[in-house]
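The opening residue of the sequence shown carries number 1 in the UniProt record's numbering; numbering runs sequentially from there.
For each residue, glycine too, the CB sits at the ideal point set by N, CA and C.
All remarks here apply to the structure that follows.
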Amino acid sequence: MEKDSSTPRVRRRRRVMSPTADSLRTRSQSSDNKLSRTVHVNDNNTNNNNKMTTTTTTTNKMAVTPQSTNPHQLGISGLTGEQQARLSSEGPLKGLGDASLWPLTCCVYGEDGRRARLAWESGRLHMWALGDEQYDAHFMIKLAVLQSVISQDNPEAFLDLSVGERKLGRVYIRLWGHMRRAHNFLALCMGTHGPSYRGAKFEEVFSRGLKGECLHAGPYPTPEGPLSAQGVMDQLEWDGKYKGVQRWDY
Numbered sequence: 001m002e003k004d005s006s007t008p009r010v011r012r013r014r015r016v017m018s019p020t021a022d023s024l025r026t027r028s029q030s031s032d033n034k035l036s037r038t039v040h041v042n043d044n045n046t047n048n049n050n051k052m053t054t055t056t057t058t059t060n061k062m063a064v065t066p067q068s069t070n071p072h073q074l075g076i077s078g079l080t081g082e083q084q085a086r087l088s089s090e091g092p093l094k095g096l097g098d099a100s101l102w103p104l105t106c107c108v109y110g111e112d113g114r115r116a117r118l119a120w121e122s123g124r125l126h127m128w129a130l131g132d133e134q135y136d137a138h139f140m141i142k143l144a145v146l147q148s149v150i151s152q153d154n155p156e157a158f159l160d161l162s163v164g165e166r167k168l169g170r171v172y173i174r175l176w177g178h179m180r181r182a183h184n185f186l187a188l189c190m191g192t193h194g195p196s197y198r199g200a201k202f203e204e205v206f207s208r209g210l211k212g213e214c215l216h217a218g219p220y221p222t223p224e225g226p227l228s229a230q231g232v233m234d235q236l237e238w239d240g241k242y243k244g245v246q247r248w249d250y
């Protein structure tokens with residue numbers, strides 16, 4: 001697929017920042033349906049002319065970050081987002097909080113042989129979306145082990161955004177863990193069901209400069225090549241109480 005130098009795309013590393021607002025909400029399909037809480041933007045180096053939409057996310061690069069008082073928090077990336085989790089002093093990943101490990105290269109591997117990069121950034125772990133890349137890692141962690149320490153209540157994903165070769169920043173997205181739509185978003189961020197948001201583009205900004213401003217994401221690439229907007233899970237929540245713009249303040 002040809003790159004559009006004017007449209008932000010999600011890069012392979014997972015956390016993403018939104019360039020157009022102080023806080024944004026993620027959307028998956030229509031502009032009227034709610035998927036998550038507020039997305040906080042950390043990068044202010046872009047202008048309002050860039051169109052973007054989420055997922056996520058995210059590369060799509062995405063990560064899941066756990067909310068905890070423990071400084072060793074786990075984030076899973078992809079345009080996935082993943083759920084928040086902490087590295088317990090007694091858990092299976094208790095040694096990963098040691099910063100001295102991270103000159104080493106680590107990756108996560110799934111049952112199908114696909115792998116994802118795992119890195120320690122900003123005081124927590126970040127996992128990128130699974131793919132066919134074969135990383136020359138010093139050590140590897142099974143995906144199921146990583147998922148076992150992720151909180152189910154408020155998963156958090158990250159997306160890394162860019163326009164052409166210019167990096168825009170990273171956006172973190174906190175999700176409602178009780179919704180299937182949130183798990184669908186996480187799966188696309190992490191690539192656990194095959195496709196991921198890696199390489200996807202944002203199409204437009206809704207309500208620019210107004211309350212409820214949000215980004216609208218476009219279709220994602222599939223392993224077979226064509227783009228798709230289909231969910232990777234069924235029975236997703238739509239309309240009813242899930243419909244409408246809602247602003248969350250933190």
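Backbone secondary structure at residue i - three-state DSSP
i, result
"Arg208", "coil"
"Ala144", "helix"
"Gly169", "strand"
"Leu228", "First, the residue type needs correcting, since residue 228 is Ser and not Leu in the sequence shown. In this structure, Ser228 counts as strand in the three-state DSSP scheme."
"Gln174", "Rather than Gln, the amino acid found at residue 174 in this sequence is Arg. Strand, per DSSP."
"Leu118", "strand"
"Gly199", "coil"
"Tyr242", "helix"
"Leu101", "helix"
Boundaries of the beta strand (DSSP E) in which residue i is found, first to last residue
i, result
"His216", "214–217"
"Ala182", "Note, Ala182: premise wrong, no beta strand (DSSP E); alpha helix (DSSP H) at 180–190."
"Glu156", "155–163"
"residue 251", "Outside the displayed range of the chain (1 to 250) lies residue 251, so it cannot be described from this structure."
"Met127", "124–127"
Residue i versus residue j: straight-line alpha-carbon distance, rounded
i, j, result
"Gly131", "Lys201", "18 Å"
"Pro219", "His183", "17 Å"
"Ile141", "Ser148", "12 Å"
"Leu125", "Ala119", "6 Å"
"Val108", "Leu143", "6 Å"
"Gly191", "Ala229", "15 Å"
"Glu203", "His216", "6 Å"
"Leu104", "Glu121", "13 Å"
"Ser162", "Leu168", "5 Å"
"Asp160", "Gly113", "24 Å"
"Ala137", "Gly110", "15 Å"
"Glu156", "Arg174", "4 Å"
"Phe139", "Trp102", "11 Å"
"Cys189", "Arg198", "8 Å"
"Gly209", "Glu133", "40 Å"
"Ala187", "Ser100", "30 Å"
"Asn154", "Arg181", "13 Å"
"Phe158", "Asp234", "23 Å"
"Tyr242", "Arg166", "35 Å"
"Gly240", "Gly177", "19 Å"
Neighbourhood of residue i by C-beta distance below 6 Å, restricted to the same chain and skipping five residues each side
i, result
"Gly194", "Pro223"
"Leu146", "Val108"
Nonlocal neighbours in the same chain, by C-beta distance under 7 Å from residue i, ignoring five residues either side
i, result
"Thr135", "Strictly speaking, residue 135 in this sequence is Tyr, with Thr absent from that position. Around Tyr135: Thr105, Cys107, Arg115, Arg117."
"Gly231", "Asn184"
"Met179", "Glu237"
beta-carbon residue i near the ligand COA non-hydrogen atom, thresh 8 Å
i, result
"Gly169", "Absence of the ligand COA from the depicted structure is noted, as is the absence of any ligand whatsoever, leaving it without description."
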